[in-house]
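Reading through the structure tokens given below for one structure.
Here it is in structure tokens:
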């Protein structure tokens, strides 16, 4: 069958005007834009990241030297390393301990000190924003007891951070396990890793909010001062 007759399966949309073109076309029939440029860029970037991870010592150590076949059904280290990306050499041994020892808690200093920001950094957005909003509401309503509750939240984040992250990863791996290997790895590389942008934005907003609160407080204090004319 000629590939141009199988239009539903072999086509691509132009990234500029959205026109549907045949997959064999190099330029858009509507606007002349070069086709596949974005797709090729994404594919090449994913391939470079994947090759970089494979070349790392962490990947070699855990996928070739220390790989335990008893975990092949529910602990795919290769996929986990592709998903975790940063600090995989810390998380893989922690996850092994959780699995082997059936641990109910596993301490993580980063999730203790940064709790909501750490969850957001690791792309666990539901937990991150949930803790952030909950802490803000509690501190606003009951300041002193709220501070104590926030300490409790930090401790709980430290105790259950690794386990929560492990469950998050396992859920993501399960969602792509039936996909083609190349597609699966691209999705894992995209969904995994870290997101530093959101924590930085929140940090800046926190600093700006604190500065504004200080300026407003100083202004009203000045207005209430008996020396202010």
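In the numbering used here, the protein residues as written are 159 to 387. Using N, Cα and C, we set each Cβ at its ideal position, and we do this for glycine too. It should be emphasised that the depicted structure is a prediction, and the values quoted were computed from it without experimental measurement.
Exercise for review: Take residue 271 and list the residues in its own chain whose beta-carbon comes closer than 7 Å to its own, dropping the five residues that flank it on each side.
Suggested key: none
Check your understanding: From which residue to which residue does the beta strand (DSSP E) around residue 178 run?
Key -> 178 to 180
Point to revise | Closest by C-alpha distance to residue 327, when choosing among 338, 315 and 345 | key: 345
Review point. Thinking C-alpha only, which one of 321, 290 and 372 is nearest residue 311?
Key: 290
Practice item. Kindly give me the distance between the Cβ atoms of residue 305 and residue 297, rounded to whole angstroms, as I take these residues to be in contact under 8 Å. Key: 7 Å
Exercise for review: With DSSP collapsed to three states, give me the class of residue 170.
Suggested key: strand
Review point. Hey, which unbroken runs of the alpha helix (DSSP H) at 4 residues or more fall wholly within the stretch 279 to 365?
Key: 283 to 299, 301 to 334 and 339 to 349
Exercise for review: Look up residue 192 in the DSSP assignment and give the residues it is bridged to.
Suggested key: 185
Exercise for review: State the CB to CB distance for the pair residue 178 and residue 169, rounded to an integer number of angstroms; the pair is presumed to be in contact (CB under 8 Å).
Suggested key: 5 Å
Review point. So, residue 366 versus residue 278, is the Cβ gap smaller than 8 Å?
Key: no
Check your understanding: For the stretch 317 to 324 against the stretch 257 to 266, are there 3 or more C-beta pairs whose distance is under 8 Å?
Key -> yes
Practice item. Report, in whole angstroms, the separation of the C-beta atoms of residue 275 and residue 363, which I expect to be a contact under 8 Å. Key: Rounded, the Cβ-Cβ distance is 12 Å, inconsistent with contact.
Review point. Are residue 247 and residue 331 closer than 8 Å when you measure CB to CB?
Key: no
Check your understanding: Once you ignore the five residues that flank residue 351 on each side, which residues in its own chain have a CB closer than 7 Å to its CB?
Key -> 243 and 244
Practice item. Could you tell me the boundaries of the alpha helix (DSSP H) in which residue 236 lies? Key: 235 to 242
Review point. Nearest-angstrom Cα distance between residue 324 and residue 184?
Key: 43 Å
Practice item. Taking residue 254 as part of the alpha helix (DSSP H), name the residues at either end of that continuous run. Key: 246 to 259
Review point. Under three-state DSSP, which class holds residue 266?
Key: coil
Practice item. Grab me the residues of residue 171's own chain with a C-beta within less than 8 Å of its C-beta, minus the 5 sequence neighbours each way, in chain order. Key: 177, 178 and 179
Check your understanding: What separation, rounded to the nearest whole angstrom, lies between the Cα atoms of residue 339 and residue 329?
Key -> 17 Å
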